[in-house]
Each structure stands twice: as C-alpha cells, then as structure tokens.
Amino acid sequence: MGNLHVCTLDVAGNGECWGFDGAGSSYPQPPPGTFVSIESYQGKTCVIDAAGLATCWWGGDDEAADVWPIPMPVVPYAQIGLGEPDGCGVSLTGEAYCWGGQIWVGPWLYPPDLNP
C-alpha cells in the first residue's frame, strides 16, 4: 500500500490501483497483462508476471510527472520489496538485487544497479 494509493490483484492476476499520485491526479493503472505479485510503497508500484519479470512505475509528485512503466532488468524475480528510496528483489535462485538510493535518475532509477 502506498501513502496515497493502494494496488491489488484479482484472482485472475489483473492489477488495479486506486487513489492519487502526489500531484492529486488519479494513480496510474498497472500495465496490461496478468501478474503473480504487486507491491507498492509511497508513490512507487511494481508487479511481477508469471515469468518472474518485473515492471515498476512511479505515480509522480509535485516535481515529477508520472513515470510508467519501467521494466526492471531481466532477472526472474520471486519477490520485490519497496522502501524509501530503494527497491530490492529476490531472484528465483535466491539472490538479492537492489536499486535506488544515490543513483536515482528522476523519480525512478533506470537502469538499476544490479549488484547481488
């Protein structure tokens, strides 16, 4: 759950978000497709599809427009956790990868620093 939004998956794996981004606009919806996991924190949200591929987006704030969607590097993820200002994922093989912090570009890091 974000601070101004919440996202969820239905039983078929379709994502939906409610609430507002930091600028007062409706929060962006997940990309098309079905997913096995969704995680949100503050203005950030990430989904993981059945192949383990992750896509993340940012709802924007007073300084930034919506940034959506940003595919995370091709590492099959089992789980993603978001914090301030970082995000981390655990691969299907159990390795941890993190992005964010001092190397952010705009409101969301691209490309992520994938050092296990």
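Position 91, counted from 1, in the sequence shown is what the working numbering calls 91; the numbers after and before it change by one each time, with no gaps. We treat Cβ as the ideally placed atom computed from N, Cα and C, and that holds for glycine.
#### Entry: Complete runs of the alpha helix (DSSP H) confined to the region 5 to 51 [at least 4 residues]
Runs found: none.
### Query
Can you name, in chain order, every residue of its own chain whose Cβ lies under 8 Å from the Cβ of residue 74, other than the five neighbours on each side?
Along the sequence shown, one-based indexing puts residue 74 at 74. Hits under 8 Å: 53.
### Query
Rounded to whole angstroms, how far is the Cβ of residue 76 from the Cβ of residue 96, which I believe are closer than 8 Å?
For the purposes of this step, residue 76 is taken as the residue at position 76 of the sequence shown. For the purposes of this step, residue 96 is taken as the residue at position 96 of the sequence shown. That pair is no contact at about 14 Å.
### Task
Kindly indicate the opening and closing residues of the beta strand (DSSP E) around residue 55.
The residue you call residue 55 lines up with position 55 of the sequence shown. Note, residue 55: beta strand (DSSP E), 54 to 58.
### Query
Where do the ends of the beta strand (DSSP E) carrying residue 92 lie?
Translated into the one-based positions of the sequence shown, residue 92 becomes position 92. No beta strand (DSSP E) contains residue 92, which DSSP labels as neither H nor E.
### Task
Would you grab the beta carbon distance between residue 46 and residue 55 for me? Rounded to a whole angstrom, and I think it's under 8 Å.
Start at 1 with the first residue of the sequence shown, and residue 46 comes out as number 46. Start at 1 with the first residue of the sequence shown, and residue 55 comes out as number 55. Right, the Cβ-Cβ distance comes to about 7 Å (below 8 Å), so this counts as a contact.
### Task
Check each candidate in 78, 84 and 11 and name the one with the smallest Cα separation from residue 40.
The residue given as residue 40 occupies position 40 in the sequence shown. Nearest option by C-alpha distance: 84.
### Task
Starting from the C-beta of residue 69, find all residues in its chain whose C-beta is less than 6 Å away, skip the five residues before and the five after it, and write them out in chain order.
In the sequence shown, the residue the question calls residue 69 occupies position 69. The residues are 31, 55 and 57.
### Task
Would you mind sorting residue 89 into buried or exposed? The rule is 16 or more other CB atoms within 10 Å of its CB.
Here residue 89 is taken as the residue at index 89 of the sequence shown, counted from 1. Flag for residue 89 reads buried.
### Message
Between 78, 82, 94 and 49, which has its C-alpha nearest residue 12's C-alpha?
### Response
Within the sequence shown, residue 12 is the residue found at index 12, counting from 1. Per the Cα distances, 49.
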